[in-house]
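Asker: One structure, pasted below without further comment.
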Amino acid sequence: MDVTPVLYYFCVGILLGSVGYCVVLYLAPKSRVAVNNKAVFITGCDSGFGYQLAKRLDSLGYTVFAGCLLADSGGEGSKKLRAECSSRLRTVQIDVTDDGQVQAAVQQVRGQLPTGTNGLYALVNNAGVCQPG
Numbered sequence: 619m620d621v622t623p624v625l626y627y628f629c630v631g632i633l634l635g636s637v638g639y640c641v642v643l644y645l646a647p648k649s650r651v652a653v654n655n656k657a658v659f660i661t662g663c664d665s666g667f668g669y670q671l672a673k674r675l676d677s678l679g680y681t682v683f684a685g686c687l688l689a690d691s692g693g694e695g696s697k698k699l700r701a702e703c704s705s706r707l708r709t710v711q712i713d714v715t716d717d718g719q720v721q722a723a724v725q726q727v728r729g730q731l732p733t734g735t736n737g738l739y740a741l742v743n744n745a746g747v748c749q750p751g
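Here our numbering runs 618 ahead of the position in the sequence shown, where the first position is 1.
What follows is the structure in structure tokens.
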């Protein structure tokens, strides 16, 4: 018995099975979180990851509270977010090292939560504090 045809059909079967499995995974319905009435708070939105995440979640339909270190003093990040995003995105002045600003941000977010939301859906604590030593 020649082994070559058996090996050939075995390899073709593995290849077709793998392709079929990938097609099924691609076409299968994906479970996604409904964004209706969901609000998120992200710190560190002046630049980098926080800035990009705020833009992305706004584009997906979330209500976004973008915490910026320089929101009140006209920081570039907060200006760009307000210009580029929808009215669902709101910038919030917050310095995570200042307890007074943290409390003020909490009050601002509570007062601006859209009707129908049951608090914040998520908090992304992205603001970085670096202390040398």
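Ideal Cβ positions, reconstructed from N, Cα and C, are used throughout, including at glycine.
Out of T733, L678 and D664, point me to the one whose CA is closest to G685's CA.
Answerer: For G685, the nearest C-alpha among the options comes from D664.
Asker: Got a sec? Which residues, its chain only, sit under 8 Å from V653 by beta carbon, not counting five neighbours each side?
Answerer: If we look at V653 and ignore the five residues flanking it on each side, its Cβ neighbours are L678, G679 and Y680.
Asker: Hey, could you find the ends of the alpha helix (DSSP H) Q711 is sitting in?
Answerer: First-last for Q711: L707 to Q711, but that is the beta strand (DSSP E), not the alpha helix (DSSP H).
Asker: What number of angstroms, rounded off, separates the C-alpha of L671 from the C-alpha of L625?
Answerer: Distance between the alpha carbons of L671 and L625: 50 Å.
Asker: Hey, out of L645, D676 and R650, whose CA is closest to I660's CA?
Answerer: Taking only the C-alpha atoms, the option nearest I660 is D676.
Asker: If you draw a straight line from the alpha carbon of L645 to that of G668, how long is it in whole angstroms?
Answerer: If you take the alpha carbons of L645 and G668, they lie about 32 Å apart.
Asker: Can you check whether the CB of V710 is closer than 8 Å to the CB of V727?
Answerer: The answer is yes: Cβ separation under 8 Å.
Asker: Take L731 as the anchor and find which of G746, R708 and A722 has the nearest alpha-carbon.
Answerer: When only C-alpha atoms are compared, the closest one is R708.
Asker: Hey, how far is the Cα of Q721 from the Cα of T735?
Answerer: Approximately 20 Å, taken between the alpha carbons.
Asker: Just to check my reading of the structure: V658 and V742 have Cβ atoms closer than 8 Å, yes? What is that Cβ distance to the nearest angstrom?
Answerer: Sure, about 7 Å apart at Cβ, within 8 Å.
Asker: Tell me the rounded alpha-carbon separation between S705 and C640.
Answerer: The straight-line gap from Cα to Cα measures roughly 39 Å.
Asker: Buried or exposed: K656, going by 16 or more other Cβ atoms within 10 Å of its Cβ?
Answerer: That one is buried.
Asker: Applying the criterion that 16 or more other CB atoms from any shown protein chain within 10 Å of the CB defines a buried residue, is A701 buried or exposed?
Answerer: Exposed.
Asker: Is G668 helix, strand or coil by DSSP?
Answerer: Three-state DSSP puts G668 in a helix.
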